[in-house]
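Written below as structure tokens is the structure these notes are about.
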Amino acid sequence: DAGVIQSPRHEVTEMGQEVTLRCKPISGHNSLFWYRQTMMRGLELLIYFNNNVPIDDSGMPEDRFSAKMPNASFSTLKIQPSEPRDSAVYFCASIGGRSYNEQFFGPGTRLTVL
Amino acid sequence: AQSVTQLGSHVSVSEGALVLLRCNYSSSVPPYLFWYVQYPNQGLQLLLKYTSAATLVKGINGFEAEFKKSETSFHLTKPSAHMSDAAEYFCAVDQNTGFQKLVFGTGTRLLVSP
Numbered sequence: 013d014a015g016v017i018q019s020p021r022h023e024v025t026e027m028g029q030e031v032t033l034r035c036k037p038i039s040g041h042n043s044l045f046w047y048r049q050t051m052m053r054g055l056e057l058l059i060y061f062n063n064n065v066p067i068d069d070s071g072m073p074e075d076r077f078s079a080k081m082p083n084a085s086f087s088t089l090k091i092q093p094s095e096p097r098d099s100a101v102y103f104c105a106s107i108g109g110r111s112y113n114e115q116f117f118g119p120g121t122r123l124t125v126l
Numbered sequence: 077a078q079s080v081t082q083l084g085s086h087v088s089v090s091e092g093a094l095v096l097l098r099c100n101y102s103s104s105v106p107p108y109l110f111w112y113v114q115y116p117n118q119g120l121q122l123l124l125k126y127t128s129a130a131t132l133v134k135g136i137n138g139f140e141a142e143f144k145k146s147e148t149s150f151h152l153t154k155p156s157a158h159m160s161d162a163a164e165y166f167c168a169v170d171q172n173t174g175f176q177k178l179v180f181g182t183g184t185r186l187l188v189s190p
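Next comes the structure, spelled out in structure tokens:
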């Protein structure tokens, strides 16, 4: 298995632009998490999906952030409009099957908003 | 709410020396506890987990951790450090929400010198 796949690995954009981050979970996993990692705030959970349905989005910082999971093999995290304070590494993780209590993380997307 | 505290943002050891990374938890219910490792420019990888079975948990790469309820601790140890152990280590606790909502500590960077 290729593991959790995230794209792009790096994104540099200007303030005000729309940013879309993508995630493909491990096949057969039915839960997906989006995290944000910064020096100041550490690792924060943004949103959690179970069977493609958003269950807990209490960590989404504000309305500029949105996430979707149209099917079991794809999820997006969108920021519109982006701001410099959104600069961070965004991770996607999935869980499921026999690995029901181990989250498998993707390599992350490093976002820089100028 | 459950939380974890990691003492020491940086720990330096010599190759071959004992590694001890500290984690204390706060939980009103029996916790599920985890240690994750993050190598540079990579996502997090599970080292080991405590899920109320044996209090001494063995993980990958020679690491182990002991759950001590009386001390509310879950410290990570390795008898002999290797250069390849240099990474950032995160302790995490499950929030007991019914899905694996983890709260991560602030992380401890392990530095290994020859």
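Chains as they are written, first to last, in this note's numbering: chain A, 13 to 126; chain B, 77 to 190. Where a beta carbon is used, it is the ideal one built from N, C-alpha and C, also for glycine.
- Counting only Cβ-Cβ distances below 7 Å, A/Ser43 has contacts in chain B at Phe175, in chain order.
- In the three-state DSSP reduction, A/Ser19 falls in the strand class (E or B).
- Sequence-ordered contacts of the stretch 112 to 125 of chain A with chain B read Tyr112, Asn113, Glu114, Gln115, Phe116, Phe117, Gly118, Pro119, Gly120, Arg122 [C-beta pairs closer than 9 Å].
- Residue environment for A/Ile107: buried (at least 16 other C-beta atoms within 10 angstroms of its C-beta).
- DSSP places B/Ser156 outside any beta strand (DSSP E), giving it a letter other than H or E.
- No Cβ of chain B is located within less than 8 Å of the beta carbon of A/Leu58.
- At a cut-off of 8 Å, the C-beta of A/Asp69 has no neighbouring C-beta in chain B.
- At least one CB of chain B lies nearer than 8 Å to the CB of A/Ile107.
- For the set B/Gln121, B/Lys145, B/Ala163, B/Gly174, the Cα lying nearest the Cα of B/Ser85 is the one of B/Ala163.
- The beta carbon of A/Gly54 falls within 8 Å of a beta carbon belonging to chain B, placing the residue at that interface.
- Rounded to whole angstroms, B/Phe175 and B/Ser79 show a C-alpha spacing of 16 Å.
- Between B/Gly181 and A/Glu56, the alpha-carbon positions lie close to 10 Å from each other.
- For A/Phe103, the C-beta contacts it makes with chain B under 8 Å involve Gly119, Leu120, in order along the chain.
- Non-local beta-carbon contacts of A/Arg34 in its own chain, meaning distances under 6 Å to residues more than five positions away in sequence, involve Ser19, Thr88 in chain order.
- No alpha helix (DSSP H) of 4 residues or more sits fully in the stretch 104 to 143 of chain B.
- In this structure, the alpha-carbon of A/Asn42 lies about 43 Å from that of B/Pro190.
- Measuring C-alpha to C-alpha distances from B/Ala77 to each of B/Phe166, B/Ser104, B/Cys167 identifies B/Ser104 as the nearest.
- Legend: CB atoms of the stretch 99 to 130 of chain B lying less than 9 Å from CB atoms of chain A belong to residues Tyr108, Phe110, Tyr112, Gln114, Asn117, Gln118, Gly119, Leu120, Gln121, Leu122, Lys125, Thr127.
- Assignment of beta-bridge partners to A/Gln49 by DSSP yields A/Leu55, A/Val101.
- Of the candidates A/Lys36, A/Val65, A/Asn63, A/Ile59, the residue whose Cα lies closest to the Cα of A/Pro73 is A/Ile59.
- Using a 10 angstroms sphere on the CB of A/Lys36, the tally of other CB atoms reaches 16 or more, which defines it as buried.
- Each of A/Lys80, A/Ala14, A/Thr121 was checked against the Cα of A/Leu44, and the nearest Cα belongs to A/Lys80.
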